Amino acid sequence: MVRGMDEMNDEHIYKIAIVGFGPKGLYGLERLTAFLKDRAISKNVEVHIFNSTSFFGAGDVYRTDQPYCLIMNYANGNINVWPKQLPKPITNHTPDFVAWLKERNVKNSSTTDFAPRAKVGTYLNECYHNLISHLPVNVKVVPHIGWVVNVENSKQGFALYYTNEKKQESTIAVDQILFTTGHITYKSHIAPKRASENNIGFIYPTDKKLVVVAPGTSVAIKGMGLTCIDAVLGLTEGRGGNFIKNADNFFSYVASGQEPKQMHLFSRSGLPMVPRDGTPLDDKPLQFFTEKALIKIKARRPINFNETLLPLIKKEFYWAYYRTLFQQYGWELKGGIDFEKIRAQVVQFHKQFRDVAYFSWQHIVNPFAEKRNITNGELREYIQFLIHEAELGADKSPFIAAVSTWRKISPLFNELYSYGGLDAASHKEFDTFYFGLFNRLSYGPPIENMKKILALHTSGLLNFSFAKSVTVVKGNDDGEWSLFGEKRKKTKVQFLINATIPRAGQQGFENKLYQNLEKNKYITPFINSSSSTYHPGCIALNKNGNPVNEYGEVNKAFTFYGTPTEGITYDNDTLSRTRNDFATIWAKNICKVLQNKDRRIAHYEREEQVL
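Rendered as structure tokens:
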């Protein structure tokens, strides 16, 4: 379907492509149309949008046909397609997600509720249709279902090669491209090279990818985060099982008979994510990791994370823990930048309340760090502890107050991390350890989902005996997998599911499009070479999201936004409109080009330093 202006001679049309049309692609289109209208651009513009499925605006993550048992870990109140910044969107009907739910009388539509991802996808898709139904007369949007596989120079601008859903190959000439695809270092949407029918490398969509798991079989699931929970619920509730809420506000599970016999969960740490409610962060200011305190640190880039930033982060966790703990006992912790004065108050507190547990960074990070193995019972007790603390919330639980602190720190940390702000060794350590740690502590699932995990463990469908220190070996004859734990503990499973989201690494670009972009000299991998050398597995970009090639030249005709910028920027949440907002910069720059008489942008500009 094509919306917008009537057909006209290609010579008079400025053509733009958005490659990848999930939420970030939608945000890009929204900002582009808003700026075109606001700047009174009269030139004819044609926007070609590319998505691998028909779920425009939603993308694969929020596709509308997935089971409703898969719910967000992002509260309703955080979701809004429409920005609060100027210029205003081209449509007057701009409901945020909560208002949209209430317009449809949907239950559990408060700001603190968590909605099914499919419902969020419906909202995103409707916002897309709302947008294209209000296009200026000189703007046309052309949707394509398919995969862009290559980009090359052409007389008309850039030749964009893509394969549509019918496996037909086509080419379109465009002037500008916004890339908002998924992960670029790994083939995240297909199984690994050694995958087989009983080795599932990517679970989405769950109702299609997990159908091969036969009822009554045994399954091992690698990873214990959000994707793992989706896999578990897809194989239970997604197959007709029911969770019945008990009088104690916990669940019992009623099986449908279509579930696996048992699912074994394991990961590097062996720990689940800390669940959370949908309560927004409080407005209490940070004490140590502040803009003022970071001025001198920014001036000393590249930054050593362990020596410079981690001590401040630990102090913030300590401060939040005791501020909340003091309140529970009618005390008030007096703040300030003098940490020793805060510690002195804590010493006095514990003299009066000797049985109260001290703050322990290690207990927050990993209470089982010294243990080679975590038993079934120990992990169950830990999950019960996490649920209890999460239900108390940050106002009453010192533990939750501490772990929630990272969400306050994160925006400031992004400024320090981005564009090689950390030295190479710190960059690597953060990517390989602290990124996962802070995600586990601060961005966990809704409490309801963790209660479902507990109920499935009670029913015997989940087993934690191999949660940590497990070795996985595939049998040569029967095709089954063997799990080896501590003290020669062993079990066999028929299916292995990879429920991890790979982080960047040094393997290079495995995505075909990005391989070709690198081959054609449009992009080059970013290398952090301060102090030592680290390859994050991401693209070298400037601060506008434009790629910087191996010669130090900036291509202003290409812009990257969202997940493709991960590694050179930090924490590109797919639904955030403000984090690393390259879409606004991109839209402004296109308007500048269109306001000039020259059709073609000066593609390359020399930069003295690759950012």
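In the UniProt record's numbering, the protein residues as written are 1 to 611. Virtual Cβ for every residue (Gly too), placed ideally from N, Cα, C. Treat the numbers as computed from the prediction; the structure is a model and nothing was measured.
Secondary structure in the region 22-75: the alpha helix (DSSP H) runs of 4 residues or longer, each lying completely within the stretch, are 23-38 in chain order.
In this structure the region 271-284 does not touch the region 307-318; the number of beta carbon pairs closer than 8 Å is below three. One alpha carbon belongs to Asn249, the other to Asn304, and they sit about 46 Å apart.
Between His264 and the set Asp573, Tyr68 and Phe484, the nearest pair of CA atoms involves Phe484. DSSP lists Val254 as the bridge partner or partners of Asn242. Distances from the alpha-carbon of Gln328 to those of Thr290, Asn366, His350 and Ser397 put Ser397 closest.
Of the residues Tyr27, Leu441 and Phe251, the one whose Cα lies closest to the Cα of Phe317 is Leu441.
With contacts defined as CB atoms closer than 8 Å, Gln345 and Leu333 qualify as a contacting pair. Counting only runs that start and end inside the region 298-331, the alpha helix (DSSP H) elements of at least 4 residues fall at 310-328. When the Cα atoms are used, Ile172 and Leu496 turn out to be separated by approximately 41 Å. With contacts defined as CB atoms closer than 8 Å, Ile177 and Val19 qualify as a contacting pair. Ile523 and Phe179 have their C-alpha atoms spaced approximately 12 Å apart. Taking all protein chains in view, the Cβ of Asp65 is surrounded by fewer than 16 other Cβ atoms within 10 Å, so the residue is classified as exposed. Of the candidates Ser530, Phe464, Gly257 and Ser52, the residue whose Cα lies closest to the Cα of Val148 is Ser52.
Within the DSSP bridge table, the entry for Lys490 names Phe484 as partners. Sequence-distant Cβ neighbours of Gly25 in its own chain, meaning closer than 6 Å and more than five residues away, are Ile18 and Thr180. In the DSSP assignment, Trp100 falls within the alpha helix (DSSP H) that extends over Phe97 to Glu103. Pairing Ala390 with Asp277, the inter-Cα distance amounts to about 7 Å. A direct Cα-Cα distance of roughly 11 Å separates Val470 from Ile374. Under DSSP, Trp147 forms a beta bridge with Thr163. Residue environment for Gly562: buried (at least 16 other C-beta atoms within 10 angstroms of its C-beta).
Rounded to the nearest whole angstrom, the CA to CA distance from Gly257 to Gly460 is 13 Å. Per DSSP, reduced to three states, the secondary structure at Val174 is strand.
Residue pairing by DSSP puts Thr471 in a beta bridge opposite Phe484. Collapsing the DSSP output to three states places Thr112 in coil. Gly216 and Glu259 have their C-alpha atoms spaced approximately 6 Å apart.
By the Cβ rule, the region 28-46 counts as touching the region 128-147, because three or more pairs are nearer than 8 Å.
The Cβ atoms of Ile409 and Ile313 lie closer than 8 Å to each other. About 36 Å separates the Cβ atoms of Leu412 and Ile41, ruling out a contact at the 8 Å cut-off.
Glu340 counts as exposed, since fewer than 16 other C-beta atoms from the protein chains shown sit within 10 angstroms of its C-beta.
In summary, Lys315 is buried, with 16 or more beta-carbon neighbours lying within 10 Å of its beta-carbon over all protein chains present. Assignment of beta-bridge partners to Ile200 by DSSP yields Ile497. Within the region 334-377, the runs of alpha helix (DSSP H) at least 4 residues long that lie entirely inside it are, in chain order, 339-352 and 361-365. Apart from the 5 residues on each side of it in sequence, Gly444 sits with its Cβ closer than 7 Å to the Cβ of Asn73, Met273, Val274, Pro275 and Arg276 in its chain, given in chain order. Straight-line measurement puts the Cα of Pro116 at about 36 Å from the Cα of Glu291.
For Glu381, the secondary structure class from DSSP, reduced to helix, strand or coil, is helix.
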